[in-house]
Amino acid sequence: MKRKIGVAMLVALTALTSLASGALAQCTTGMLIKWDENAFSYETNYNSSTFISSAGSQLNVVGKVSVFCQMLTGLDASDPTKEYTFLFTGLTSAGTVGPTAIAGGSTRWTTNYGSGQFFIYEDSSPDAPNPAAMPANPPNGTVPANYTDGTVILSGNIVNFSTTITRFSTGTYATSFRGDFAFTGGTMFALVGPEFGLLTGAWCANDDAAPGVLGLCDLSNGYSSHPNGKFDQPATPAQTSTWGAIKQLYR
Amino acid sequence: MKRKLVLLLCALFIASAVPAKAADLFLLGFAGYDYEDPDANDPDADGSTYLEVGDGYRAVGVITSFGATLLPYVDQGTNEYTFHIYDLAVIQHDWDAPNQFVSVLFANNGRIRYYEDSIGGGTAHNYGTNPPNGTAPSTFTDGAIILGGDVDNFALFYDYLGAQGGFSGQMTLDEGTLLTYISPAQRGGWLIGGLAGRPNESVPEGYDNQISGEARIPDATPTRTKSWGAVKSLYR
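These protein sequences, in sequence, are chains X and A.
Counting from 43, one number per residue, gives the positions in the first sequence under my numbering.
Counting from 120, one number per residue, gives the positions in the second sequence under my numbering.
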């Protein structure tokens, strides 16, 4: 047993010492895992013309990691021989609340989702689709399959996931998402441990409701949004939460 | 005939009333933190004093990845790439107390700049606390300006119940050492960002929110994928 722990620590140390200096330069306070261009969401019952996610709709998010930071800097997301992809799944919509009129002329749509899971994969045969030409109407032959091949290096739970879409009085839009995550498994779990943190970022909703308008994204049919975001973990994790929420993260 | 002309003019007017964008390409992604400067009231007990009329919005951070347009001209192994958003003055502030929601509009002619600074010979970015301070924005604005642009139609919201917000704005690139690699037709781009405020242990003291976002530019050969229903709805 001791030998196994020793080997695991050696693997972890080796990963840490093979730091990619570029990754460090791209990292910033709090950031653990970041994704940018290649990430998309889709749901089983979502109307992209009204931003309404029906209660019970299942949300999935697929994407490709741009950069790893902190204890994961040994992983090089820019290595052309590999790709690091992820899937958020099992997130059940409580139904979109909105459109809600806001003082000043803005309009808001908010959607809360029940708890779900995430999986991060290392794939030595990069095959994630070109984000500029995502295959329509997922799930299909490529999505999520080409994001979920390879080895699960990290996995865990997601709670308190919610999205907000706002239309300003000027007619432009802005968007966001936020949730909490906890690591529970994966081949590289030893590097991160059972820590929890924030999932945050922009939730650029499909622009079917207002094609070409600032703040929304032009997406292939069947996708509800293009999120740009990150797994965040403070250097000294100390997040305010409830016991209920913490217990839920590890169930 | 006259009626058709009037309808056509009306349609053109409506179309031009809202800032629009063409089919687009990912230019770069970023992450960082934002703060108010100037700021009439600090700290903000709630959204009633957050980004009041006359306050300024600023953000600093790092570029986390580049899209295909700029990737051949950058080296993230030897350089640090940072950004600074500034000169955004609030002209409209609406606080909705029952919904705990603030929406803010800004005057045109804000600015965003992206910088390249050698990891070996430069100064690493440092947020410090209570910006502006001795290291922020200065350690984010040292090095060469690789791109910069004017920011118009910038708008921001923050939902205090959900502890999240977002922004968007139009960006017209007009300076920098890499500007030459972006065709004139592609220099009118846009910014999107998501915000995560407190409770959030990562946010340095004196900053307001974490930012995660990206800049996009128009596709050189724009094509848009839409369902027939969406296309038909455009003409109804």
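Even glycine gets a Cβ: it sits at the ideal position worked out from N, Cα and C.
*Are the C-beta of X:Phe-110 and some C-beta of chain A separated by less than 8 Å?*
Within the first sequence, numbered from 1, the residue matching residue 110 of chain X stands at position 68. So, not an interface residue.
ask   = Do you know how far the Cα of X:Ala-232 is from the Cα of X:Ala-214?
value = Here residue 214 of chain X refers to the residue found at position 172 of the first sequence. Here residue 232 of chain X refers to the residue found at position 190 of the first sequence. Rather than Ala, the amino acid found at residue 214 of chain X in this sequence is Thr. X:Thr-214 and X:Ala-232: Cα-Cα distance of roughly 44 Å.
Integer-rounded CB distance, given that X:Ala-119 should sit under 8 Å from X:Tyr-126: As a position in the first sequence, residue 126 of chain X is number 84, starting the count at 1. As a position in the first sequence, residue 119 of chain X is number 77, starting the count at 1. Contact flag correct, Cβ pair sits at about 5 Å.
Assign X:Thr-229 to buried or exposed, taking buried as 16 or more other Cβ atoms, counted over all protein chains shown, within 10 Å of its Cβ.
Here residue 229 of chain X corresponds to residue number 187 of the first sequence, with the count starting at 1. It is exposed - the Cβ of X:Thr-229 has fewer than 16 other Cβ atoms within 10 Å.
What is the DSSP secondary structure of A:Ala-274, counted as helix, strand or coil?
-> Sequence index remark: in the second sequence, residue 274 of chain A carries index 155 (1-based). Of the three classes helix, strand and coil, the one that applies to A:Ala-274 here is strand, per DSSP.
- prompt: Does any CB atom of chain X fall closer than 8 Å to the CB of A:Tyr-176?
  reply: As a position in the second sequence, residue 176 of chain A is number 57, starting the count at 1. A:Tyr-176 does not count as touching chain X.
Task: Residues from the stretch 321-337 of chain A in contact with chain X, defined by Cβ distance under 7 Å - done: Ser-321, Pro-323, Gln-329, Ser-331, Gly-332 and Glu-333
* Short check: CB of X:Phe-40 to CB of X:Met-176, under 8 Å? -> Here chain X covers residues 43 to 293 and nothing more, so residue 40 of chain X does not appear.
Next item on the list: Starting from X:Val-194, follow the beta strand (DSSP E) in both directions and report where the run begins and ends.
Entry: The residue labelled residue 194 of chain X in the question sits at position 152 within the first sequence. Start and end: 193-209.
Does the beta carbon of A:Ser-91 come closer than 8 Å to any beta carbon on chain X? With chain A covering 120 to 355 only, the question about residue 91 of chain A has no answer from this structure.
ask   = In the stretch 263-275 of chain X, which residues sit with their C-beta less than 7 Å from some C-beta in chain A, listed in chain order?
value = Asn-263, Asn-270, Gly-271, Lys-272 and Asp-274
Fill in: Strand pairing of A:Asp-265, partner residues [DSSP]
The count along the second sequence starts at 1 and reaches residue 265 of chain A at position 146. Per the sequence shown, the amino acid found at residue 265 of chain A is Ile instead of Asp. DSSP, once it has assigned bridges, lists no residue as partnering A:Ile-265.
* Between the stretch 250-261 of chain A and the stretch 288-296 of chain A, do three or more beta carbon pairs fall short of 8 Å? -> no
**Prompt:** Hey, does X:Met-73 have any beta-carbon neighbour from chain B nearer than 8 Å?
**Reply:** Given the protein chain composition of this structure (X and A), no chain B is represented.
* Asked: What are the boundary residues of the beta strand (DSSP E) that includes A:Val-181?
  -> Start at 1 with the first residue of the second sequence, and residue 181 of chain A comes out as number 62. From DSSP, the beta strand (DSSP E) with A:Val-181 extends over 175-185.
Legend entry - Three-state secondary structure (DSSP) of X:Val-185: In the first sequence, counting from the first residue as 1, residue 185 of chain X sits at position 143. X:Val-185: coil per DSSP, three-state reduction.
Original post:
Exposed or buried, which one is X:Leu-114 when buried takes at least 16 other CB atoms within 10 Å?
Top reply: For the purposes of this step, residue 114 of chain X is taken as the residue at position 72 of the first sequence. With 16 or more other Cβ atoms within 10 Å, it is buried.
Distance, A:Leu-280 Cα to A:Ala-360 Cα
Residue 360 of chain A lies beyond the stretch modelled for chain A, which goes from 120 to 355, so this question has no answer here.
### Task
Please classify A:Asn-160: is it buried, with 16 or more other beta-carbons within 10 angstroms of its beta-carbon, or exposed?
Sequence index remark: in the second sequence, residue 160 of chain A carries index 41 (1-based). Counting Cβ neighbours within 10 Å, A:Asn-160 comes out exposed, since fewer than 16 surround it.
Could you name the residues of the same chain whose beta carbon sits closer than 7 Å to that of X:Phe-273, not counting the 5 residues immediately before and after it, in chain order?
-> By one-based count along the first sequence, residue 273 of chain X stands at place 231. Excluding residues within five positions, the ones whose Cβ falls inside 7 Å are Leu-74, Ile-75, Phe-223, Gly-239 and Leu-241.
Problem - Under 7 Å from the C-beta of X:Leu-240: neighbouring residues of chain A - result: Numbered from 1 along the first sequence, position 198 holds the residue referred to as residue 240 of chain X. Near X:Leu-240 (Cβ distances below 7 Å), the residues of chain A are Ala-315 and Asn-319.
When you compare the stretch 260-270 of chain A with the stretch 234-248 of chain A, are there three or more beta-carbon pairs, one atom per stretch, that lie closer than 8 Å? yes
So with CB distances below 8 Å, who are the chain A contacts of X:Glu-79? Taking the first residue of the first sequence as 1, we reach residue 79 of chain X at position 37. In chain order: Phe-145, Gly-148, Ser-184, Gly-186 and Glu-333.
key: Among A:Ala-282, A:Arg-230 and A:Glu-324, nearest to A:Phe-202 - alpha-carbon criterion   = Locating residue 202 of chain A in the second sequence gives position 83, where the first residue counts as 1. Considering only alpha carbons, the answer is A:Arg-230.
Contained alpha helix (DSSP H) runs [length at least 4] in the stretch 135-183 of chain X, N- to C-terminal order: none
Per the contact definition of three or more C-beta pairs closer than 8 Å, is the stretch 157-167 of chain X in contact with the stretch 180-196 of chain X? yes
Note to self: Less than 8 Å between CB atoms is the rule here; does X:Gln-159 satisfy it with respect to chain A?
What the structure shows: For this step, residue 159 of chain X is matched to residue 117 along the first sequence. For X:Gln-159, the answer is no, since every Cβ of chain A falls outside 8 Å of its Cβ.
### Query
Would you call the stretch 168-187 of chain X and the stretch 199-210 of chain X in contact, with 3 or more CB pairs under 8 Å?
no
Practice prompt. State yes or no: is the beta carbon of A:Glu-199 nearer than 8 Å to at least one beta carbon in chain X?
Written response: Start at 1 with the first residue of the second sequence, and residue 199 of chain A comes out as number 80. So, interface residue.
- Please report the residue range of the beta strand (DSSP E) in which A:Val-221 lies. For the purposes of this step, residue 221 of chain A is taken as the residue at position 102 of the second sequence. First-last of the beta strand (DSSP E) with A:Val-221: 220-225.
Measuring only the C-alpha atoms, how far is X:Arg-150 from A:Phe-276? Looking up residue 150 of chain X in the first sequence gives position 108. Looking up residue 276 of chain A in the second sequence gives position 157. Cα to Cα, X:Arg-150 sits roughly 10 Å from A:Phe-276.
Quick one, which of X:Glu-237, X:Pro-269, X:Val-234 and X:Pro-236 has its alpha-carbon nearest X:Asn-248's?
By one-based count along the first sequence, residue 248 of chain X stands at place 206. Closest by alpha carbon: X:Pro-269.
Margin query: Considering only DSSP beta bridges, list what X:Thr-70 is partnered with.
Written below: In the first sequence, the residue the question calls residue 70 of chain X occupies position 28. Note: X:Thr-70 sits in no beta bridge, so no partner.
Worksheet item: Can you list the residues of chain X that A:Tyr-246 reaches, using a CB-CB cut of under 7 Å?
Response: For the purposes of this step, residue 246 of chain A is taken as residue 127 along the second sequence, with counting starting at 1. Near A:Tyr-246 (Cβ distances below 7 Å), the residues of chain X are Thr-71.
* Asked: Can you tell which of X:Ser-108, X:Ser-95, X:Cys-259 and X:Gly-271 has the C-alpha that lies nearest to the C-alpha of X:Thr-152?
  -> Within the first sequence, numbered from 1, the residue matching residue 152 of chain X stands at position 110. X:Thr-152 has its Cα closest to that of X:Ser-95, out of X:Ser-108, X:Ser-95, X:Cys-259 and X:Gly-271.
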